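J.: Mapped onto my numbering, the consecutive letters of the sequence shown carry residue numbers 2 to 229.
Backbone N, C-alpha and C fix where the C-beta goes; we use that ideal spot for every residue, glycine too.
Keep in mind it's a predicted model, so treat the numbers as computed, not measured.
Just passing along the structure, written as C-alpha cells.
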Amino acid sequence: MNSILLVEDDLSLIDGLEFSLRKNGFDIDIARTVNEAFSMVQDKQHDLLILDLTLPDGRGFDICKKVRQSSTVPIIFLTASDEEVNVVMGLDIGGDDYITKPFKLNELISRINALLRRAKISGPEQTELKSNHITVKLPESRVFKDNHEIELTTAEYRLLCMFMQNPNSVLTREVILNKLWDGSGSFVDDNTLSVYVRRLRSKIEDDPENPAFLLTIRRLGYKWNVIK
C-alpha cells in the first residue's frame with residue numbers, strides 16, 4: 002500500500018480527500034501546518050506528498066525545498082491560483098505536478114497514480130550517463146559538467162536523462178510530455194515544457210542562446226546532439 006502525506010489546513014477538503022484516497026487504497030497521513038509536515042517527513046518515509054500552497058505557518062514551497070534536500074519523492078502542489086509565477090516556482094524548486102482548486106478527485110487520483118508509476122521505473126543496470134562533458138550519476142541523481150556539479154530541479158533532471166538516453170534522436174513535444182507526465186500530456190501546458198528546456202539550457206550549455214547540445218528541431222521537437 003502506497004503511503005501519502007497530505008498537507009492541507011481546510012477541514013472540509015481534508016475530509017473529502019482522505020475518504021477518496023483511502024477508498025482508492027492509499028495509506029494517508031495528514032498534516033495541517035508546515036511544522037507538522039516537517040515532523041512527519043522526518044519520522045516516516047512516504048511514497049508521495051500532496052502540499053497545499055498556503056498554510057497557517059508558511060507555504061507548501063517551504064516543505065518542498067526541505068524535502069528536496071534529501072529526497073526525490075513525488076510532490077503534487079494544491080493551489081487556489083493558476084498564475085504562471087506560482088506554477089513555475091513550484092515546478093522549479095522540485096515539484097512534479099500541480100492541480101488548481103477546485104479540482105475533480107478522479108483527476109487527482111489519476112495524477113497520483115501516474116507519478117507513482119514513474120517513481121517505480123528504474124534502470125538498475127545503468128549507473129551513469131556521459132555525453133558532451135555532461136555526466137549523470139543515476140544512483141545519486143547528481144549531474145556534473147566538466148567535473149563541476151550542476152543543480153537541477155526534478156523535472157530538469159528527468160528531461161536531461163531522457164535526452165541523454167536518446168542521443169541524436171528527435172523527440173517530439175508529444176513524446177516528451179507523454180514520458181515525463183505519463184499519459185496524454187494534457188496535465189501539463191505545452192509552454193511549461195518550453196520553460197523547462199530554456200532553464201535546462203541555461204545550466205548545461207556554454208552559450209544558451211546558441212545551444213550546441215540540446216537542439217530545437219522546428220515543428221518537431223528536440224534532439225540531444227552528440228558532439229564527438
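Within 10 Å of its beta-carbon, does M2 have 16 or more other beta-carbons around it, so buried, or fewer, so exposed?
T.: The residue you call residue 2 lines up with position 1 of the sequence shown. Per the 10 Å Cβ criterion, exposed.
J.: Any idea if T217 is buried or exposed, counting beta-carbon neighbours within 10 angstroms, 16 or more meaning buried?
T.: For the purposes of this step, residue 217 is taken as residue 216 along the sequence shown, with counting starting at 1. When all chains shown are included, T217 counts as exposed.
J.: Output the boundary residues of the beta strand (DSSP E) element that contains F145.
T.: Numbered from 1 along the sequence shown, position 144 holds the residue referred to as residue 145. Per DSSP, F145 belongs to the beta strand (DSSP E) from R143 to K146.
J.: The alpha helix (DSSP H) that contains G61, what's its start and end?
T.: Numbered from its first residue, the sequence shown carries residue 61 at position 60. It spans G61 to V68 - the alpha helix (DSSP H) in which G61 sits, taken as one unbroken run.
J.: Note down the Cα distance separating E126 from L139, rounded to an integer number of angstroms.
T.: Indexing the sequence shown from 1 puts residue 126 at position 125. Indexing the sequence shown from 1 puts residue 139 at position 138. Residue placement at E126 is flagged as unreliable, the pLDDT there being 45, under the threshold of 50; a coordinate-derived value is accordingly withheld.
J.: DSSP puts S132 in a beta bridge; with which residues?
T.: Numbered from 1 along the sequence shown, position 131 holds the residue referred to as residue 132. Beta-bridge pairing links S132 to I135.
J.: Distance check for F39 and A213, CA to CA, integer angstroms please.
T.: The residue labelled residue 213 in the question sits at position 212 within the sequence shown. The residue labelled residue 39 in the question sits at position 38 within the sequence shown. Computed Cα separation, rounded: 42 Å.
J.: If we ignore side chains and look at the alpha-carbon of each, how far apart do L54 and R60 end up?
T.: Locating residue 54 in the sequence shown gives position 53, where the first residue counts as 1. Locating residue 60 in the sequence shown gives position 59, where the first residue counts as 1. Each residue's alpha carbon lies about 5 Å from the other.
J.: Which first and last residues belong to the beta strand (DSSP E) in which N102 is found?
T.: Residue mapping note: residue 102 aligns to position 101 of the sequence shown, counting from 1. The residue you asked about is not Asn; residue 102 is Lys in the sequence shown. Looking at the DSSP string, K102 is not in any beta strand (DSSP E), and its letter there is neither H nor E.
J.: What's the gap between the Cα of D63 and the Cα of S21?
T.: For the purposes of this step, residue 63 is taken as the residue at position 62 of the sequence shown. For the purposes of this step, residue 21 is taken as the residue at position 20 of the sequence shown. Answer to the nearest angstrom: the Cα atoms are 26 Å apart.
J.: Taking the CB atoms as reference points, tell me whether I76 and I100 lie closer together than 8 Å.
T.: On the sequence shown, residue 76 is found 75 positions in, with the first residue counted as 1. On the sequence shown, residue 100 is found 99 positions in, with the first residue counted as 1. Their beta carbons are not under 8 Å apart, which means I76 does not touch I100 by this criterion.
J.: Would you kindly check if the distance between the Cβ of L130 and the Cβ of L160 is under 8 Å?
T.: Here residue 160 is taken as the residue at index 159 of the sequence shown, counted from 1. Here residue 130 is taken as the residue at index 129 of the sequence shown, counted from 1. No. Outside cutoff.
J.: In whole angstroms, what separates the C-alpha of L7 from that of T136?
T.: The residue labelled residue 7 in the question sits at position 6 within the sequence shown. The residue labelled residue 136 in the question sits at position 135 within the sequence shown. For L7 and T136, the distance between alpha carbons rounds to 35 Å.
J.: Alpha carbon to alpha carbon, how far is E141 from S187? Give it in angstroms, no decimals.
T.: Here the question's residue 187 lines up with position 186 in the sequence shown. Here the question's residue 141 lines up with position 140 in the sequence shown. Residue placement at S187 cannot be trusted, given a pLDDT of 46 that sits under 50; the coordinates are not used to answer.
J.: Quick one: what's P257 bridged to in DSSP?
T.: A query on residue 257 cannot be resolved here, the shown segment of the chain reaching from 2 to 229 and no further.
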